[in-house]
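Chains as they are written, first to last, in the working numbering: chain A, 49 to 310; chain B, 10 to 302. Cβ coordinates follow ideal geometry from the N, Cα and C atoms, glycine included. The next block holds one structure in the form of structure tokens; read it before the comments.
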């Protein structure tokens, strides 16, 4: 009898079905759900710096729990989805050249946009999230949400790369939603798949509008004006929470006294 | 069931014949034996109306001469029924997988006038020229137990009734001819080609091949057959075993929803419907298995 190779009973082989299904599920919740919340939150910048700041404050009101929530519900599932995604991409052999059917084109785009989204998200986190601060990033200041984002997104090249990144990520999610429905058996007939397709289109167009709107909105922000609004809101928040300006040295750029703003 | 070529195709072919070229130039990707280098060979033969790719290959065999007049061995190919039922003459014709018997030259000339390109399927090991080893296709059917196992010498009385609705639903799946088109076009289905080791017996080699096949994707046809027999009142008795195979390594999860299978299927079998139904069944089955254990 031929000796069995190690891959025979590897964890991946034994739990292949489970892992692929968890991969599929993770794309919807929590990763996809986070994407929806994230883009809609960011789109609130279209309502002005104050509107966006209040939503950011809401998120950051989690305080020390925020990193726990981030890692448990965003980063770890996203890393899992990405690692599995690369395994899946490595095992496929796109053939749109020979079979240029719409489904096949979407199959290929799903993989291409997945890789673009991966690179984009990695850069995006480094650039804006505090985790990227040691690498010269971490430009987003939660106490000056709109103004710090506006400064970071100001260069034309950055905005262009963001537009590509956002559209790729949104396509990946919307098309993945349709694919997930087939995988789990939500829509089984060709007619149902066609209807589900429209659902994907609506979700995709809606999220693309929100994402690009957020990007445009951030860039349209008047940095000076926004900073003033944000500083005032930060001061008000500190007063409400009974904190002193000193206890929040990391957040506030400058301790501000109220009369100075009048 | 005998299914002749669609009348519409025939008429279209005859009309097109009026402006046909006088000769057919054929490029064949040849290979002398398993594992050897492949090479292109060109053949030129006089045009005749109403030819299919099989009759082109028959003319090439009769000719046994390449386009530059060299005497060459006839091109080897598989075929049997000549009416898209046996599934043995699958090959890449003008870069697309299809049946040689139902590929009419006059229709192919609409894609590339005067020229035909023939290649063996790329997902199966080549035996010689256009003949490939499709044993993995049949191994997949074994993996999902694509049959009704009630054969014995006892009289079990009449089987359970099947409603006309169920029949209508199941019939298209039963028209599968095991041609391999769906596997060839599937971007998730990768070629497995093993070479026979020195001193290895035929049996040992077969076992090693099957072990390799069993770890990889079943293919769309096997998923569809599993759903056909899981829907059959007697076949249902082995439903759990089929679900075990569908959710095992190389099972339904390997599908990437490119949906090429349904687009290239010569029998127009609703393969993606079967796959989605298998996905649903796997969802339910996996949850049940988890909570019932």
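Taking buried to mean at least 16 other C-beta atoms within 10 Å of its own C-beta, is residue i buried or exposed?
i: residue 247 of chain B; result: buried
i: residue 59 of chain A; result: exposed
i: residue 142 of chain A; result: buried
i: residue 2 of chain B; result: The first residue shown for chain B is 10 and the last is 302, placing residue 2 of chain B beyond what the model contains.
i: residue 182 of chain A; result: exposed
i: residue 138 of chain B; result: buried
i: residue 104 of chain A; result: buried
i: residue 163 of chain B; result: exposed
i: residue 296 of chain B; result: exposed
i: residue 226 of chain A; result: buried
i: residue 132 of chain B; result: buried
i: residue 165 of chain B; result: exposed
i: residue 299 of chain B; result: exposed
i: residue 107 of chain B; result: buried
i: residue 63 of chain A; result: exposed
i: residue 196 of chain A; result: buried
i: residue 77 of chain B; result: exposed
i: residue 89 of chain B; result: exposed
i: residue 17 of chain B; result: The pLDDT assigned to residue 17 of chain B is 47, lower than 50, so where the model puts this residue is not dependable; a value taken from the coordinates is nonetheless given after this. Looking at its Cβ environment, which holds fewer than 16 other Cβ atoms inside 10 Å, residue 17 of chain B is exposed.
i: residue 71 of chain B; result: exposed
i: residue 172 of chain B; result: exposed
i: residue 294 of chain B; result: buried
Would you identify the three-state DSSP class for residue i, choosing helix, strand or coil?
i: residue 201 of chain B; result: coil
i: residue 245 of chain A; result: helix
i: residue 268 of chain B; result: coil
i: residue 52 of chain B; result: strand
i: residue 40 of chain B; result: strand
i: residue 281 of chain B; result: helix
i: residue 140 of chain B; result: strand
i: residue 79 of chain B; result: coil
i: residue 272 of chain A; result: helix
i: residue 187 of chain B; result: coil
i: residue 51 of chain A; result: Residue confidence for residue 51 of chain A is low, a pLDDT of 43 falling below 50, so the modelled location carries little weight and cannot support an answer.
i: residue 252 of chain B; result: helix
i: residue 99 of chain B; result: strand
i: residue 61 of chain B; result: strand
i: residue 261 of chain B; result: helix
i: residue 113 of chain B; result: strand
i: residue 127 of chain A; result: helix
i: residue 33 of chain B; result: strand
i: residue 127 of chain B; result: strand
i: residue 302 of chain B; result: coil
i: residue 121 of chain B; result: coil
i: residue 230 of chain A; result: helix
i: residue 73 of chain B; result: coil
i: residue 149 of chain B; result: helix
i: residue 13 of chain B; result: Confidence at residue 13 of chain B is low in this model, with a pLDDT of 46, below 50, so its placement is unreliable and no value can be given for it.
i: residue 61 of chain A; result: helix
i: residue 94 of chain B; result: coil
i: residue 72 of chain A; result: helix
i: residue 216 of chain A; result: helix
i: residue 107 of chain B; result: strand
i: residue 135 of chain B; result: strand
Confirm the yes/no value for this check: CB of residue i, any heavy atom of the ligand ADP, distance under 7 Å.
i: residue 133 of chain B; result: In the structure shown, the ligand ADP is absent, as is every other ligand, since no ligand is present at all.
Inset, instruction - Tell me the start and end of each unbroken alpha helix (DSSP H) in the stretch 177-203 of chain A that is at least 4 residues and wholly inside, in chain order. - result: 193-201
Legend entry - the stretch 259-273 of chain B touching the stretch 201-221 of chain A, judged by at least three CB pairs closer than 8 Å: No, the stretch 259-273 of chain B does not touch the stretch 201-221 of chain A.
Inset, instruction - Flag this pair as touching only if the stretch 168-175 of chain A and the stretch 73-88 of chain A have three or more C-beta atom pairs under 8 Å; answer yes or no. - result: no
Inset, instruction - Could you run through the stretch 276-292 of chain B and flag, in chain order, every residue whose CB is less than 8 Å away from some CB of chain A? - result: Those would be 279, 281, 282, 284, 285, 286, 287, 288, 289, 290, 291 and 292, in chain order.
Legend entry - Segment contact flag, the stretch 185-192 of chain B with the stretch 226-237 of chain B, C-beta cutoff 8 Å, min 3 pairs: Verdict: yes, contact present.
Legend entry - Validate contact between the stretch 234-249 of chain B and the stretch 197-209 of chain B using beta carbons, cut 8 Å, 3 pairs: no
Inset, instruction - Please confirm if the stretch 125-137 of chain B is in contact with the stretch 37-48 of chain B, defined as three or more CB-CB distances below 8 Å between the two stretches. - result: These segments touch.
Inset, instruction - Decide if the stretch 143-159 of chain B is in contact with the stretch 68-83 of chain B; the criterion is three or more beta carbon pairs, one per stretch, under 8 Å apart. - result: With the cut-off at 8 Å, the stretch 143-159 of chain B and the stretch 68-83 of chain B do not touch.
Inset, instruction - Please name the residues in the stretch 37-70 of chain B whose beta-carbon is closer than 7 Å to at least one beta-carbon of chain A, in chain order. - result: none
Inset, instruction - Kindly provide the ranges of any alpha helix (DSSP H) runs that are 4 or more residues long and lie completely inside the stretch 79-146 of chain A, ordered along the chain. - result: Segments of the alpha helix (DSSP H) lying fully in the stretch 79-146 of chain A: 79-91, 97-108, 113-118 and 124-139.
Legend entry - Contact the stretch 278-292 of chain B vs the stretch 220-240 of chain A: 3+ CB pairs below 8 Å: yes
Inset, instruction - Jot down the residue ranges of each uninterrupted alpha helix (DSSP H) in the stretch 199-249 of chain B, minimum 4 residues, whole runs only, in chain order. - result: 211-224 and 229-240
Inset, instruction - Select from the stretch 245-265 of chain A all residues with a C-beta closer than 7 Å to any C-beta belonging to chain B, and list them in chain order. - result: For the stretch 245-265 of chain A, the set of positions with a beta-carbon nearer than 7 Å to some beta-carbon of chain B is empty.
Inset, instruction - Spell out a yes or no on whether the stretch 156-165 of chain A and the stretch 238-252 of chain A are touching, meaning 3 or more CB-CB pairs, one atom from each, closer than 8 Å. - result: Between the stretch 156-165 of chain A and the stretch 238-252 of chain A, the count of C-beta pairs closer than 8 Å stays below three; the two stretches do not touch.
Legend entry - Near-chain A residues of the stretch 221-244 of chain B - C-beta to any C-beta below 8 Å: 224
Legend entry - Stretch-stretch touch, CB-based, cutoff 8 Å, three pairs: the stretch 83-100 of chain A with the stretch 272-286 of chain A: Under the 8 Å Cβ criterion, the stretch 83-100 of chain A counts as touching the stretch 272-286 of chain A, having at least three qualifying pairs.
Inset, instruction - Would you list, in chain order, the members of the stretch 201-233 of chain A that have their beta-carbon closer than 7 Å to a beta-carbon of chain D? - result: Looking at the structure shown, chain D is missing, and the protein chains on hand are A and B.
Inset, instruction - Can you give me, in chain order, the residues of the stretch 127-151 of chain B that have a beta carbon less than 8 Å from any beta carbon in chain A? - result: Answer in chain order: no residues at all.
Inset, instruction - Mind checking the stretch 162-196 of chain B against chain A and listing, in chain order, the residues whose C-beta falls within less than 7 Å of any C-beta there? - result: Along the stretch 162-196 of chain B, going in chain order, the ones with a CB nearer than 7 Å to a CB of chain A are 194 and 196.
Legend entry - Short-range partners of chain A found in the stretch 243-270 of chain B, where Cβ spacing is below 8 Å: 256, 257, 258, 259, 260, 261, 262, 263, 264, 265, 266, 267, 268 and 269
Legend entry - Contact residues within the stretch 97-123 of chain B, judged by C-beta distance below 7 Å to chain A: 104 and 105
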